[in-house]
Structures are given as C-alpha cells and as structure tokens.
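Trainee: Here it is, the structure in full.
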Amino acid sequence: MPTLTIDNKSITVPDGTNVLEAAQRLGIVIPHFCYHEALGAVGACRLCAMMFEEGPVKGLQMACMVTAQDGMQISTLHPEAQELRSHVIEWMMLNHPHDCPVCDEGGECQLQDMTIAGGHGRRRYAGKKRTWINQDLGPFVVQEMNRCIQCYRCVRTYQDYCGGDDFGVMGSRNRLFFGRFQPGKLESPFSGNLVDVCPTGVFTDKTFRFKTRYWDIEEAPAVCPHCSLGCTVIPGARYRELQRVRAGVNRQTNGFFICDRSRFGYGYANHRERIRQPNCQGAATSWREALEHLKERLGKVVNEYGPLSVAIVGSPRSSLECQALLREWTREHGYRPPLFEIDNRRDRTARILAAGLGKQARSMAEIADSDCLVMLGSDPLNEAPLLALAIRQAVRNGCHVTCLDPRAVKLPCAASHLPVQPEQLLPAINGLVANRFEEFERQDQLFLEGAAERLGRAERPVLVGGGDLLGPEGTEALLKAARSLNAGLFVTLGGPNSYGGALLSEDGPDSEEMIEAALEGEIKALFCIEADPLTEGPARSARALGQLELLVVCDHMVNRTARSADIFLPTTAPPEAAGTYINNEGRMLPFGGAYAPGLPLRDIGEGGHPPRTFSNITTGGEPRPAWAILATLLQRPLDFDSIHHGLESDPHFAGLGLLSPGGEGRRVTDAGMLPPAAQPEFPHSAPEGSLPLLVVEALFGTEPLSSLSPALEPVIPEAAVQLHPTTAARLGISDGETVSLRTELEHLRLTARTEAEMVPGLLVAYRLRGTPLELLPVGKITPCLLEKGGNDA
Amino acid sequence: METVNQTTGKDVLLPDDTIEAFRAKAADTPHPRELIVDLLRAIQDHHGWVPDAGIELAAQTLGLSPLQLEEIATFYDKIYRQPVGRKVIHLCDSICCWTTGGEQVAELLRDKLGIGFGETTPDGVFTLLPTCCLGACGDAPAMMIGLTTYGRLTAEKIDTILREIRQQID
Amino acid sequence: MNLIRGIKGTAQAYWITLRTMFRKPVTIQYPEQKRQPFPRYRARIVLTRDPDGGERCVACYLCSAACPVDCISMQAAEAKDGRRYAEWFRINFTRCIFCGLCTEACPTRAIQMTSDYEICNRDPLDLVYEKTDLLIDDTGKDPDYNFYRHAGIGVVNPRGGNEDEKPPADVRDLLP
Amino acid sequence: MNDYPQILFKNRVVGETAFIDRFRANGGYQGLEKGLREMTPQEITATVKASGLRGRGGAGFPTGVKWSFFPADQPVEKFLVINGDEMEPGTYKDRQLLLADPHQLIEGVILSAFALQVSHAYIFIRYAYEECSRNLEQAIAEAKEAGYLGRDILGTGWDLEIHLHRSAGRYILGEETAQLNGIEGVRPNPRSKPPFPAAKGLWGKPTNVNNIETIACIPHIITGGPGWFINLGITQGGVGTKLFGLSGHLNRTECFELPVGIPLREVVETFGGGVRNGKGFKACLPGGASTPFLTAQHLDTPMDFEPLEQLDSRFGTAGVTVFDETTCMVGATLNLIRFFARESCGWCTPCRDGLSFVQWILEEIEAGRGNRDQIAMLKDQKKNITGRSFCALAEGAMGPLDGLLRHFEQELEDHVKLGRCPFGD
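Protein chains in written order, with the numbering used here: chain E, 1047 to 1839; chain H, 505 to 674; chain Y, 537 to 712; chain X, 3 to 427.
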C-alpha cells in the first residue's frame, strides 16, 4: 500500500495501482484517451503526462505507465507536463474534421473536453487533412473514420475485452483504419460498446442517429430488464421517446459494458401498439372508472365465491416494490398467495436457488477473477451475454473453462465443451461431487474426471449454471455440489427480478396448482401483473383462462393475455419508473425512472411536427407504475419509503432503503427460506418415433421485451431447428433444408441446420417470439416429429 | 508456375500442396500466427500480389479471421494488397540515395516508364514504388526490382536493366 | 441667493420647453410611419441558406442550448445524401428576448437576426414560428460560407473533395 | 589500403561468399569448438562481459551485461533473436557481413545460444536482403550437416535450432520488441518495457535480442580473448573493431572494418577518399539516420560511443553519411523526417502525428512558404517529441532535427528570408 503525493495531496493506494488511477482517486482530472479502467494502460496516447519531482521515478512520465510507489512526489500542473499535453492534443487534432455540429458525439465528446482541458485552442497546422471512406458496419454502429484520433480503445475493447475477431486496426503510421476486413455487420454481440468507448464520434449509435444532444436527453441509471444479470444501463429519452441505452458502470455486475440486446432492444417502450389508456372490455376509459369497475367486479366475485377465488400472477419483469405490494394486497384481502412466475419450471428453479444460494453466491466480478469455471447447461451468449464477457476475462487471466451442454455453446474464449444430453446434466453434477461418472461413456468419463480434478485443485472455482436447462432438480443438485465442493455458484434465471419474486413467494403455490384450481372452477378472477400466462404459462392455461369470470391485466406491452383481458390497466415500461430488481446472484439493484410515460412526439402526427395546440396534459401519459396501481388499490401513500420500510421488516431485504440507483447494489441477506416442496415432473407420453426437442433462448428474438424492438429486427435469427449431422443423416435431412416439425400442439415449418458441436439425437430450436415456437416451454424437452419437406399437412 | 487453374479458370493463389504444407505446419505449432508473414509472402510470390481472396485463403489455412490477416498484411509495405505489375521497382528515397541524385533517378524512371509512383505501366510489366533505405547506401542511388538490388544507377544502367527485364519476361 | 436660484431653476425649465418646441418631434406615427433601425439592431430571427441554396441549419441544437429562455426547439434528421438538417424547427417569439446568443452559438451561420422588429400579434400562437416561417432565400451575413465545404464528412463534395482535404486514404495502398 | 586488423571481414572478398570450406580453412568454428568443449555457458558470458563489447545495432548497450540479465540457468523455454532488420538509412554493414561470411554469424549464434542456454534462435532478416537470407539458409544447412547445429551439438547434450524469419518491410521491426511481435505474427507495434524481453519476450518467454554484427564478434572474442579484443580499439575505452558503412558525398562509399575510436577525419579522408568533386565537407550523420549531424569542426572526434555522446551525437551503427557544402540541410532533414514519419508504426501520438506535423513544417519552410513562427514550432516540437514517445523511433527522428537546429538554424532562417531554398531546387 504505497503512499504518494500528487499536487501536494497525499493518498495511499493498493499495490499495483498506477499513478493515473491514484490521481483519479484524489479527484484530479488528467486528460487521457488510451487508458480505460476496464482495458488497462498501454501508453499509446501520451496524454497523461505528469512531472515526477521526487521519489523512485523521476522526470516527465506517462502516469498510466508508472505504478504508484512510496515517496513519489508528482505534479500534474508542472509547465512541462502541461506543454506536452497541449502538444499531444494538437497532434491528435491535425486531421480531425470541422464537423462537431453534425457529429452525434458533440456535447458528450471526450475529445472536445480534452482539447479544452489540454489547453489546445489555436490550430497551427494549415496543411490538408487526411480523409477516409467509411464502412457500413451494420444496423447498430455508424462509422466516421475522419474523426479518428487513433487511441486504439475500440480495437482493445472489441478484440481483447470482448473477443471479437472481425474488427480491428489496419495499416500503419498515420494511415490507420479501424474497421472490418470488408464492410458488413459487426459480428460480436458486444459491438455497441464501440459507441461508448470511442472518445470521439468515430463510432456512434445508428439507432440514435441525429436524434438528440446529450444536454437534451433525460437519463437515469437503471438496470437492464432483458435478462437476469442486472447490468447497469443508462436509458435516455427525449420528447417521450426512449432513444438510446448506454452502458452504466457497476464493477460488481457488468463492469463498463453491455450487450447489444441491452443497448438496442429498447424499442418496446416506444412500441406503436402499446395501449396507453385503461380499458374495460376493449373500450377505453379513465383510470377512475377503470378502478371503480375493477373494484366492483372483484367485489362481486369475492361476494359470490369467497376471496380464495381470486388469484394473482405477478412477474419477474416487475419491480420488487410491485411484487411486495402484490403480496400485501393478497394478504390484506385474503386472496390466494401471489405467483411471481407463470413458467412453472423457471419459478421453481428461482425459488430453489434463492432459498439455498447463501454464501455460495458469486458476482460477475468474482467470475472474472475465478481460476476454474465449470458451466452446466449454460449458454451465456444466448441467455445472459455479459456472463460470457466475465468468463472471457477469467480465461484471459488463466482460468480454465469446462462446459457441459447439449447445445453447441459458443464462447468468446477458449473452453472445453462436452456435448451431453439434457438429462445427463444431473448425473454429471452429482458425479463432480463424488468424482464418479459411471453413467458416461469412457471418453466422456475422462473429460469429466479432468474437470473434477481441476475443480478440486482450483482456489476460486465457480459453478455456472443455466437455470432453464438445469430446472429445479438440476439447480438443487448444483447447489449441493457447490456447497460440498466449496465452490461459488452462479445460476442464470428467467427474468430481471426472478430472484425477488422467488424470495417473496416463500412456499406459495406454483402455476400448475393454480391452473389446476382454475380448471376446477375454484378460481373465478385472475389478476395478471406484467404476466402473460397464455404465452408463458402451461399449455392448459388457455382453457383455464377461458373459464374465468374476470381477467384483469396490468402491462406495458400487448400480448395474448392482455388482448383477452376484461379490464386492462396500462403500466409504465421499466425506464419510465423507478424500482428495484434483484439479479440472479441476489443483488438488490434499484433503478430510477428516466422519463415520464407518454406518446412519443414523433408518433403524434402533423408530419413530425409537434402540435401547435398547447396543453398541460401529456398525450398518452396515462400508464402508471404497477406498484402505484397496487398502492392505489391498497389506499397506501404513493411513495417508496413506506414500501421499503415494509420490505425491510423481512430480514432478506435489510439495507434496501439505503441503496440508490447507479450504485453497486447489495446482496440480499441470507436468511432461512424454505424451498418449494419437490414435485415430480409430469411424465410426457412420447409418441412413437418422436424426437426430443429442446426449446431455448437466443440472443435476439426470444426475450419478450427486446423482441419488440424494431432495431433488432435485422439480427433476429431465422426460425430453425438445429440438429447434429449424424441425426440429420439418419433422418435424411441436409443443412438448410425446410422441414416440418410437429408437436402435440403446434405444427410448423422451419429450416434445418446441422451443428456438429451439439449432442446427437436432440433437436434444438430458439423460442422465437411471433412464431409458434414461443408457446413451447423453454428448457424442457418437448417430444416432436420431424419430417423432410415443408408441405403443410 | 501455374497461376490459373485449368479446369476452373480461376486465379490460383497458391498451389494446393503448399497450402497443405502450411496447414500442417499451423496444426503443428502452438501459435499458427507466426506463419502469417511467410504465408502472405508465399501467396504473393505465386500470385504476384495478395488479393482479398488471398487474405481469406490465408485466414482459412491458419484458422484465423480475414481481419486478423489483414491487420498484418496492411502493416507491411512489401505485401501488395493491390494489383502490381510483374516486376515491382522499389526506388530508394532515403537520405543516402537522396544525396547522390535519387530525385533525378526518380524523375528518370517516371519518364522512362511513363508512370508515377504507385502506378503500373500499361503493359503490366512494371510497378514503380518508393521505398525506404534498401541497405545499399554505399551503392547509392539504388533500387530493388523484385528481390534484386541494383546500385549506382545511371540513365544508361537503368535503360539496360529495364530492357533486360522486359526481354526476360517476353 | 435663494431667490436667484429659484428664478434660475424656473427659467431653465421653461427654456428647455421653449427650445424643444421648435425641434423635430421624436415620436413617429407608427404604424403609418416606419422607422429605420440601426444596422446592428437585433430583432426577428431567420434561418439563412448557404451560397449553393442549401439550408444552412444542420440542427446541431447549439442555439436551443444557448437560448436562455428556451424558445428554440427542433428535431434533427438525416437527408438521403447524409446531410443533417432540421426536420422541424420552431422559435417561440412570445418568449424570445432577442439576446442574440443563438446567433453567436450557431456554428454554420444559419441562424441570424434581422432588423424586422414588427413582431406583435393578438394570438400568441401566431408568434410561434415554424421552419417555413423562418427560412429565407438568402445567405445573410457571410455570403460565401458553406459549412459542409469545411466539415470534412463529404456531403456537398465527395469525401476528401474539399479544398482543405486530401483524397481518401487507403490502408491497402501500395505506397508505403 | 586498410592496414587495420580485419576480424569480421577477414574472409571477405567482394562479390564472393565464404561458405563452410573456406570459412573453416580460415579458422572458422574454432571459437565454437573452444566455447562448447572447454568453457561453460557462464564462462562465455563472463568473457563477453570482460571484453566490453557493446551492441552494434545502434543503442550500444554492453552485450555481456545484457546477457547477464538473461535467466540462462532457468529450465524454461527461452529464445535468442538475432536482429537483422537493418533498415536505418545509411546503414548497410550487416548486409556486407552476410554477403561475405554467413558462417561467422552462425558460429556466433551457436556460441551465444550456448551461453544463454536457449534451444531456439530466430534470425530476423529484412525483406530487401534476400541474398543474405539464401546465404544464411545454405550456411545453416551446412552447419547442420557438419554437426554444429541440431541435436547434441559437439557432444554437449545441448540442442539448437536456428529459424530464419523473413520480414516484409517496415523499419519499426528493428525495434526489439516490435521484432518479437513481428516474429509472433501479431501487429509489430513495440511493446511496453518493462517487462523487458529478458523476462517476457517471444510468446512471453525470456528472450535475448542482439544485432548481427554483435553476434558475429562473439567467436572472435572467444578465440582471441577479451584482452585482445579490447586492444583492437584505438581510444581509451574503445573496444574492438566496427564496420563503418560510408555513404553520401564521398569519393569512396564502401564498407570498412576499422578500429573503434578512429578519428572521423581519417574515416572521411583516408577511407572515404575525401568529399566528392573537390567540394568542402559540410556535415555528416555519424551513425545512421537517427544520429544528430556532425560538422567540420567535429572532424577530429574519435568515432566511439563516449566522445560522440559528448558532442550530443551518437555512434549509432557507424553508418557515416557525408554531406558536401552544396547540400541543403533543411532538405536533408526533411528527407530524414519523412522517412521516420512514414515508418512510424502508428502506436503513439508523438510519433504518428507529431512526426507528420514536423514533416509538414519542414516542407513549408523548404518550399519557401515558411515563417519564423514555424522555426519556433520546430523547436517546440523537438522538445515535446524527444523522450515522450512510446519507443525510440520518434526520438531517433529528432536526432537530425536537433542537429539542424543546433548547427544549421541559419539555413532555416535563410529559407524563410528568401522565400525559397537557398541551394536551388
């Protein structure tokens, strides 16, 4: 822990800190470009010069390249240092174009700031400027190479940090081009990070092109709602339109980066079909009338059938505050305890994990620091992309990664992958503990023994599981394995707040029980809050919902259930209201509301013009946060303090009220919680000659919110069924052929894709929204028949 | 040297056995990247220059992405990423040749070939490029044609060299 | 002494009145009579065009940022040729205080002030000017200036075609 | 004519190459036999250290000291790299050495590799030296045939393989860490130091990088002993002989092996045959393009590291380029800066953009469009580029600019005053 003095201020920093970081800790701002906390120091830009006056290092040095040592006395204001900085900026500006007014970076451009901070004001170079022809980099990123100052941040982010190999730096001397071999879409699912890391306007967000300046945008730190990892994001809106999402910083979860689903999947909030007014039986109405109507209809049901005839379905998309009020509401009125996830498998998985994770919980930062990772049923790039980046950082630090999965899991780093059948995951987990793998073939045994041996040797091992494939049994086994191996555990869950719902569910019912009760007529009124049982629920949901007397839906998106609701109450989308999510490692992460809901100005008409009538009512501003609707029904004050106060009486949520959006969050306290009782899965009667079909999540097109985003349309994969070449050969199917897939409920035509790295004998399909595939349960085997040819039966 | 495949009529970037040899070497070494410069030079030796397809072939042979090859290919000035004539003239423009009349030699060559630096003669025989010091400072002014260095250039000497090369090619 | 001072004070005032009686009156009969303001008088704002007839405004939002009373709003958009322009542009003259900060902020000389001071109306909405009301067919000040000839992004001229630019570089160039 | 002892050039016959027969007939591989049979690796390193040999690639770091930093006794994979990327304008000694006597280098490589206990040596040869590469290929094959290379060399139980890496251009690859990247096949930007190659070099393994001429000296030091080698130098502290490549406005522009410490006047007048066409001597680069100019007043300086450093110049590679009195020094400096700017790897700002800026200023002045402010700009550019770049390339580029500003500022003023180059063109 060396102590050094910078500009007469002393600071003690951890070993290995460089002087630039030490200065930043002191609040001293030194211009720099190539240094980035996540990327490290490389000494390329030569801007962070400081004068080392006394101590082990002397003279003018680049602060990022010098490790802090005891007794250093450093001046950042030394005239020589200032002179050099102004020169470096002058050199960088030699070729920089005169286009700040038409550059999207203008106003939030580090080069603008550093040019001023570096003291370069007058251009002395009167020669001609270098120019470039730009490349089309696909739907997300616009390139303007003339603006490049060659800080190398983009290539270090794209290649080194994110593991992409289709973007880099070409040429030499002052003829450096940062781009692709040929124009085309950036292949990395993390390509949008170029926008954040580029200190000037070389890479800008194509979906945000020319929309708004930084000073006009309404932003608030938030939590990404598109998977369970809880990455910090900063959504920004103007004129009631969510216009962009950029990465926030949370050193425990996402670090500095986010995935493209997170960044470009924001279109759901501006969706044109979004219903922004309460309605009863399809007729728009006012909040007052809708709530009166709701109370009346609900009262009627309760009077007639008793309070237990009312069932509530919450959602992992809802904030913790909403979920907590939901539970209070049911308690106060004696309704059935709420359900927080209609997908039974995901629900039980989350509850088992939340009940048992405890000290085994690991953050993504800890995964990046691990020396041995074993992944079971987890496909990070599709299910939770930032996890793949954490794993890559671990590998870069020498970690060994073993992956057991039926799918052809692609990772942006080296890993040993063993394709196993989904049902082999459980014996593999148990085997890792006992180091016995009798049920596997000899070759696989050797592989697994190697993994077990490395796991035993590791100092900071972590078991990474995919909740969808593991299911409740697998998750339970993995929990036990982590405890007995003294390893960390990280399991991805279904939604951004699955963990919160699980903590609040306690030993409540599950969706099978609920649907059963509804089918038997015990339930007459169903209240869905941001939940869509007709899509996500068990197959019998449709029949069960058909028997109801009252279906109430509160949601911000239009889905099957919302369309058939008796009463529909519009809620705010995640960036429109504050709340808290608990991510899959049990970290409570509050988020702020970036803007108030309303119909985007762009959609109001008059040729894009804002209307010439002035009013203090926001068009389409009716949506309310789900928690606020509940608070109104409960006649509670409309503020978070009382909700948080109520929650904190539960020891899990200790400290919740002290958290603020944009922070690192805080892990829930490990207090005893009962996992749901074990439940045997219904055995499926597999018809003769059927094949097992595994429906899984994809990076784009399967997550309910982002799949509504027009920006992602160009990258949504085709509807396809993946199968091993040997399986394909057995069925006489070749790659790219149209096949017909028939399940108990669905019949669809899709393309066959052979995939040599997946397990033979299995079919894998993405649960693409807007196709019949979205109705198939995720992570579970569905028996199906596959035939050549696509002629309709 | 076969440069056009007789059956497909397409340019042959590198004979199959050479590709196989590189592939085998790449499989044998823990870091196939070390073969990048050798492979690019091999393609260039065979094909005259490295077209995009050459970059792709090299990438595929070494198990790398085309971009990874392009990053290297565009760094070096002696890997030609654009078509060149059958002989590339590298005329030294560094200090020793400059002191001994390099600029006049450049003028002379431009006149004789009728092309500027970076250009190829219409008959596709010569491409004229400047280069940094050739390590022939004692024999300045100097140029390198292909991999052969010629020093103490005079108008007559240049004439003879160009004539001989044209004769060889014909 | 007091008496003298009193007389002097009275006489002086009458003298001024008397003198002014024979001067040309300051008041003019507006609106029948119009007044020519001084050349640097700042009044109604216009959007000018570049010498090639294109809209100068690139919708950079700097005027709206500089405006102390928030009377300017706009939406930028991209034309087919890559030119950034204002999809709509609105100045609320009921709010405008004619301070001129917008013109100082304008990097393209698009927004300029004219000496047209006749901006009054019974309906405040009629004082909300849209782009069609603001855009004039003239360059105003700096008649030769065209921002896109210097911007360096290849809109008016092909990329690298401006006077102060080199032709586009190419990493695959044979020249070292 | 050259009466000084010929060590490195003892087998040299211009236009011919000495392969193994002639090499051995002239005492070749005796140093190797002695080193491998009679000495331990530590003894060889100690001998090299005692000889005071300084690196011949330009920087002049004591070779023995560099070797002693190398973890020769650690049982890890390590590498020896021989730097044959001789691309500094005015330098062509390694080419002469390899054209005349490739086995001398091979013997040196084997001895050095033995001293450093490495089993893989890479010889890095620049693109333009294809004949040298072929000579080396033949020499390596012959040495292998003769049992000097391969497995269990001379019964020591030690193996060595020599790999030849042919480059594809670019001066920056002469920088040792850039060269390592070049061999690895990644973009040849220099690496940050520390870690030095001796700790983390090729593929992260300990690596020693030496110049061709340095390594060629090793067999002679082993055979002749350090005392003999030291005595070859003329000056106090001058050690061994050095290959001087003469170029520019001289009557004889050839490569000579001369003792370290020989006065510049003797080099120019005796060996170079004096300035061409009877013109006067104006300036010279004493050791390649990156060394500040010397002028006529410096002609009596001994050509050795310290005396030249005292004149704020450097011995460099001893590639002496002479300019006669009709040379425009602004033009000469512009030519040199243009070379450095073009050969920058593009990694750090002062080199990539700073050198382009200096080039533009010099172009303006040389073309007569300059003004006095631009002369001041040259000074502030020199001050802010020197020592501020990532590697030594930009610093080297500032060498001639420094010389120009120190000795020929008047020429800059004249350009500005006349509005054209006072020397014509």
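The beta-carbon is built from N, C-alpha and C at its ideal position, and this holds for glycine as well.
Quick caveat, the model's predicted, so the values are computed rather than measured.
#1: Using beta carbons (cut-off 9 angstroms, strictly below), is P703 of chain Y in contact with chain H?
#2: Could you check what DSSP says for E413 of chain X in three-state terms: helix, strand or coil?
#3: Could you name the residues of the same chain whose beta carbon sits closer than 7 angstroms to that of N233 of chain X, not counting the 5 residues immediately before and after it, in chain order?
#4: Within 9 angstroms of any Cβ in chain E, is that where the Cβ of N337 of chain X sits?
#5: Anyone know if the C-beta pair for D1182 of chain E and P1245 of chain E falls short of 9 angstroms?
#6: Determine the chain Y residues that contact H1166 of chain E at a beta-carbon separation under 8 angstroms, and present them in chain order.
#7: How close, in whole Å, do the beta carbons of G1313 of chain E and H1272 of chain E come, if the pair is a contact with beta carbons under 8 angstroms?
#8: Does the Cβ-Cβ distance between A320 of chain X and F246 of chain X come in under 9 angstroms?
#9: How is the beta strand (DSSP E) around P151 of chain X delimited, first residue to last?
#10: To the nearest angstrom, report how far apart A170 of chain X and E575 of chain H are at their CA atoms.
#11: Ordered along the chain, which non-local residues of its own chain (more than five positions away) have a Cβ less than 6 angstroms from that of V594 of chain Y?
#12: Do we get a CB-CB distance below 9 angstroms when we pair E79 of chain X with the residues of chain E?
#13: Quick one: is C353 of chain X buried, meaning 16 or more other Cβ sit within 10 Å of its Cβ, or exposed?
#14: Whole-angstrom Cβ separation of I339 of chain X and L313 of chain X, contact assumed at under 8 angstroms?
#15: Chain E beta carbons: is any one of them nearer than 9 angstroms to that of V707 of chain Y?
#16: Anything in chain E within Cβ reach of L571 of chain H, meaning under 7 angstroms, just list it in chain order.
#17: Would you identify the three-state DSSP class for F342 of chain X, choosing helix, strand or coil?
#18: Given that A601 of chain Y touches chain E, what residues does it touch there, using C-beta distances under 9 angstroms?
#19: So which residues on chain X does A1090 of chain E lean against when the C-beta distance must stay under 8 angstroms?
#20: Can you list, in chain order, the residues of its chain whose CB lies under 8 angstroms from that of D652 of chain Y, leaving out five sequence neighbours each side?
#21: My output table needs one value for M505 of chain H: the three-state DSSP class, helix, strand or coil.
#22: Mind listing the chain Y neighbours of P634 of chain H? Cutoff is C-beta to C-beta under 9 angstroms, in chain order.
#23: Compare the C-beta of G1747 of chain E against all C-beta atoms of chain Y and say whether one is closer than 9 angstroms.
#24: So, is the C-beta of G628 of chain H closer than 9 angstroms to a C-beta in chain Y?
#25: Taking 9 angstroms as the CB-CB cut-off, is S1237 of chain E touching chain H?
#26: So which of E:L1450, E:A1440, E:M1560 has the shortest CA-CA distance to Y1381 of chain E?
#27: Since G321 of chain X sits in a beta bridge, which residues does DSSP pair it with?
#28: How close, in whole Å, do the beta carbons of T237 of chain X and H409 of chain X come, if the pair is a contact with beta carbons under 8 angstroms?
#29: Taking DSSP as the reference, what is the three-state secondary structure of D1838 of chain E?
#30: Going straight from the alpha carbon of R1320 of chain E to that of P1620 of chain E, what length do you get?
#31: Of all the beta strand (DSSP E) runs that stay within the bounds of the region 1197 to 1227 of chain E, which reach a length of 3 or more residues?
#32: If you reduce the DSSP assignment to three classes, tell me which class D1032 of chain E lands in.
#33: Listed from N- to C-terminal order along the chain, which residues in the region 634 to 668 of chain H have their beta-carbon within a distance smaller than 7 angstroms of any beta-carbon of chain X?
#34: Can you tell which of E:H1379, E:P1806, E:V1767, E:F1493 has its C-alpha closest to the C-alpha of E1833 of chain E?
#35: Excluding the 5 residues flanking E609 of chain H on each side, which residues of the same chain have their C-beta closer than 6 angstroms to its C-beta?
#36: In chain order, what residues of the same chain have a beta carbon less than 6 angstroms from the beta carbon of P73 of chain X, not counting five sequence neighbours either side?
Mentor: A quick look at the data gives this:
#1: On the third sequence, position 167 is the one that residue 703 of chain Y refers to. Interface criterion not met: the Cβ of P703 of chain Y is under 9 angstroms from no Cβ in chain H.
#2: To locate residue 413 of chain X, count along the fourth sequence from 1; it is residue 411. Reduced to three states, the DSSP call for E413 of chain X is helix.
#3: Start at 1 with the first residue of the fourth sequence, and residue 233 of chain X comes out as number 231. If we look at N233 of chain X and ignore the five residues flanking it on each side, it has no Cβ neighbours.
#4: Mapped onto the fourth sequence, residue 337 of chain X falls at position 335. Closer than 9 angstroms: no.
#5: Here residue 1182 of chain E refers to the residue found at position 136 when the first sequence is read from its first residue. Here residue 1245 of chain E refers to the residue found at position 199 when the first sequence is read from its first residue. No; because the gap between Cβ atoms is not below 9 angstroms, this pair is not in contact.
#6: As a working mapping, residue 1166 of chain E is identified with position 120 in the first sequence. What H1166 of chain E touches in chain Y: nothing, since even the nearest Cβ is about 18 angstroms away.
#7: Numbered from its first residue, the first sequence carries residue 1313 of chain E at position 267. Numbered from its first residue, the first sequence carries residue 1272 of chain E at position 226. Wrong, their Cβ atoms sit about 12 angstroms apart, outside the cutoff.
#8: For the purposes of this step, residue 320 of chain X is taken as residue 318 along the fourth sequence, with counting starting at 1. For the purposes of this step, residue 246 of chain X is taken as residue 244 along the fourth sequence, with counting starting at 1. Yes, Cβ-Cβ distance for A320 of chain X and F246 of chain X is below 9 angstroms.
#9: Translated into positions along the fourth sequence, residue 151 of chain X becomes position 149. Reading off the sequence, residue 151 of chain X comes out as Leu, not Pro. Run containing L151 of chain X: none; DSSP gives neither H nor E here.
#10: Here residue 170 of chain X refers to the residue found at position 168 of the fourth sequence. Here residue 575 of chain H refers to the residue found at position 71 of the second sequence. Spanning the two alpha carbons is a distance of roughly 13 angstroms.
#11: Position 58 of the third sequence, counting from 1, holds the residue named residue 594 of chain Y. Correct list, in chain order: R620, T644.
#12: For the purposes of this step, residue 79 of chain X is taken as residue 77 along the fourth sequence, with counting starting at 1. Cβ-Cβ to chain E under 9 angstroms: no for E79 of chain X.
#13: If you number the fourth sequence from 1, residue 353 of chain X lands on position 351. C353 of chain X comes out buried.
#14: Residue numbering aside, residue 339 of chain X sits at position 337 when the fourth sequence is read from its first letter. Residue numbering aside, residue 313 of chain X sits at position 311 when the fourth sequence is read from its first letter. With 8 angstroms as the limit, I339 of chain X and L313 of chain X do not qualify as a contact, their Cβ atoms being about 21 angstroms apart.
#15: As a first step, residue 707 of chain Y is located in the third sequence; it is residue number 171 there, counting from the start. Interface residue, yes.
#16: Reading the second sequence from its first residue, position 67 is the one you call residue 571 of chain H. Residues of chain E passing the Cβ test: D1211, D1212, F1213, G1214, R1226, F1227.
#17: Within the fourth sequence, the letter at position 340 stands for residue 342 of chain X. It is helical.
#18: By one-based count along the third sequence, residue 601 of chain Y stands at place 65. Going along chain E in sequence order, the residues near A601 of chain Y (Cβ under 9 angstroms) are G1153, R1259, W1261, D1262.
#19: Along the first sequence, one-based indexing puts residue 1090 of chain E at 44. Neighbours of A1090 of chain E on chain X, chain order: W349, C350, T351, F392.
#20: For the purposes of this step, residue 652 of chain Y is taken as the residue at position 116 of the third sequence. A579, R580.
#21: Position 1 of the second sequence holds residue 505 of chain H. With a pLDDT of 46 at M505 of chain H, under the threshold of 50, the modelled position of that residue is not reliable, and the figure given next carries that caveat. Assigned with DSSP and collapsed to three states, M505 of chain H falls in coil, not helix or strand.
#22: For this step, residue 634 of chain H is matched to residue 130 along the second sequence. The contacting residues are L711, P712.
#23: As a working mapping, residue 1747 of chain E is identified with position 701 in the first sequence. Taking Cβ atoms only, chain Y never reaches closer than 9 angstroms to G1747 of chain E, which makes this a no.
#24: Position 124 of the second sequence, counted from the first residue, corresponds to residue 628 of chain H. Judged by the 9 angstroms Cβ criterion, G628 of chain H is not in contact with chain Y.
#25: Indexing the first sequence from 1 puts residue 1237 of chain E at position 191. So, not an interface residue.
#26: By one-based count along the first sequence, residue 1381 of chain E stands at place 335. The candidate whose alpha carbon is nearest that of Y1381 of chain E is E:M1560.
#27: Locating residue 321 of chain X in the fourth sequence gives position 319, counting from the first residue. DSSP output for G321 of chain X lists X:G247 as bridge partner(s).
#28: Along the fourth sequence, one-based indexing puts residue 237 of chain X at 235. Along the fourth sequence, one-based indexing puts residue 409 of chain X at 407. About 24 angstroms; that fails the 8 angstroms criterion.
#29: Taking the first sequence and counting its residues from 1, the one referred to as residue 1838 of chain E is at position 792. Bear in mind that a pLDDT of 47 at D1838 of chain E, under 50, signals an unreliable position, so the number given afterwards is only what the model happens to contain. Three-state result, D1838 of chain E: coil.
#30: The residue given as residue 1320 of chain E occupies position 274 in the first sequence. The residue given as residue 1620 of chain E occupies position 574 in the first sequence. The straight-line gap from Cα to Cα measures roughly 14 angstroms.
#31: 1214 to 1218, 1221 to 1225
#32: Outside the shown range of chain E (1047 to 1839) lies residue 1032 of chain E, about which nothing can therefore be said.
#33: C636, C637, L638, G639, A640, C641, G642, A644, M648, L651, T653
#34: By 1-based counting over the first sequence, the position of residue 1833 of chain E is 787. The shortest C-alpha separation from E1833 of chain E is found at E:V1767.
#35: As a position in the second sequence, residue 609 of chain H is number 105, starting the count at 1. Inspection of the sequence shows that residue 609 of chain H is occupied by Val rather than by Glu. Within the same chain, V609 of chain H has close Cβ partners P645, L657.
#36: As a first step, residue 73 of chain X is located in the fourth sequence; it is residue number 71 there, counting from the start. Same-chain partners within the cutoff: P208.
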